[in-house]
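Heads up, the thing below is written out as structure tokens.
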Amino acid sequence: MAVNKCIKYLLFFFNLLFWLSGCLILGVSIYLKVSKGGNKITSDSLPGVDLLIAIGVIIMVLGFLGCCGAIRENRCLLLLFFISLLIIFILLVAAGILGAVGEKKVNDLVKESLAKLTPLSSQPADVQADLEDLQRELQCCGLMNGPSDWTAVPASCRCNATITDCKSSAVYTTPCSTKIISLMQSNLTVVLGIAFAIAILLIFGMVFSMILYCQIGRKDAAASTA
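So in my numbering, spot 161 of the sequence shown is number 609, and the numbers just go up one at a time.
Here's what the structure looks like:
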């Protein structure tokens, strides 16, 4: 019995897309690491970029294994590929459920992490410099309670009085913790969309790899009895 060429090349095409998605995740996460990783505030309160780098590498390796298994019709590689996809799919579903259920807890943990940095004026100079960069970028002031978190309000809190979040005293009123959590929540929709797309790809990959695995097994059995 011959292997279905359509299934074989569909699996190869799937794994090519899978490998490219791993490259994309790796590239974006490295960019985030380089551009944001130098800021101690965001690094401590929003960990996870290193995890994204690891996920990108794993997806690239699995995509390569799947391509080799499909083209060479190697049952061992296909089985390893299927088991790996199944494990990732289970972890992805579990992470999605935990993320949806524990969103408030995550927000509380971020606030708790940021609260450890107050009072701000007593922090080392490098931490204060990182916070001032964050204030300029997000247009906020302080971490938990706004400008009152500072003994002396720095220049990075100053703003144009025409801006909505700006008081008559020309300083931002919104704490940076609020802006960080808001940014995290807005990005969550994008992350969930990507996770859903990856889950669909995983399902197709598992189905195609198992079909091809069974077809190769039947072909080998027919060849051995001939």
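The beta carbon of each residue, even a glycine, is placed where N, CA and C say it ideally should be.
These numbers were taken from a predicted model, which means no experiment stands behind them.
Secondary structure of residue i, DSSP reduced to three states
i	result
Val476	helix
Leu655	The question names Leu, but residue 655 in the sequence shown is Val. Helix, per DSSP.
Gly485	With a pLDDT of 49 at Gly485, under the threshold of 50, the predicted position of this residue should be treated as unreliable, though the coordinate-derived value follows. In this structure, Gly485 counts as coil in the three-state DSSP scheme.
Leu534	helix
Val509	helix
Val619	strand
Leu528	helix
Gly665	helix
Phe462	helix
Residue span of the alpha helix (DSSP H) that contains residue i, given as start and end
i	result
Ala577	573–586
Selection from the options that minimises the alpha carbon distance to residue i
i	options	result
Met508	Cys471, Cys454, Ile646	Cys471
Glu585	Tyr620, Lys564, Ala573	Tyr620
Gln663	Ser469, Leu527, Phe512	Leu527
Gly475	Asn463, Phe461, Ala502	Ala502
Phe512	Asp668, Ile545, Thr622, Leu465	Leu465
Gly514	Lys456, Ile642, Leu631	Lys456
Gly504	Gln587, Ile651, Ala643, Leu459	Ala643
Ile659	Glu521, Thr673, Tyr479	Glu521
Ile473	Ile506, Thr599, Lys453, Phe460	Ile506
Beta-carbon proximity list for residue i, same chain, < 6 Å, skipping 5 on both sides
i	result
Ser625	Lys559, Leu562, Leu591, Met592
Ser604	Glu580, Gln583, Arg584
Ala647	Leu540
Gly594	Thr621, Pro623
Lys627	Leu586, Cys588
Other residues of its chain near residue i: CB distance less than 7 Å, five sequence neighbours each side excluded
i	result
Gly665	Arg523
Ser596	Gly590
Phe529	Leu510, Leu513, Gly514, Gly517, Ser657
Leu458	Phe656
Pro602	Glu580
Leu534	Met654
Arg606	Ala618, Val619
Ile536	Leu650
Thr566	Leu591, Met592, Asp597
Phe652	Phe462
Ile519	Phe460
Proximal residues to residue i (C-beta, below 8 Å), its chain only, five neighbours per side dropped
i	result
Tyr661	Arg523, Leu526, Leu527, Phe530
Leu649	Phe462, Leu465, Phe466, Ser469
CB contact below 8 Å: residue i versus chain B
i	result
Leu534	In summary, chain B is missing from the structure at hand, where a single protein chain is found.
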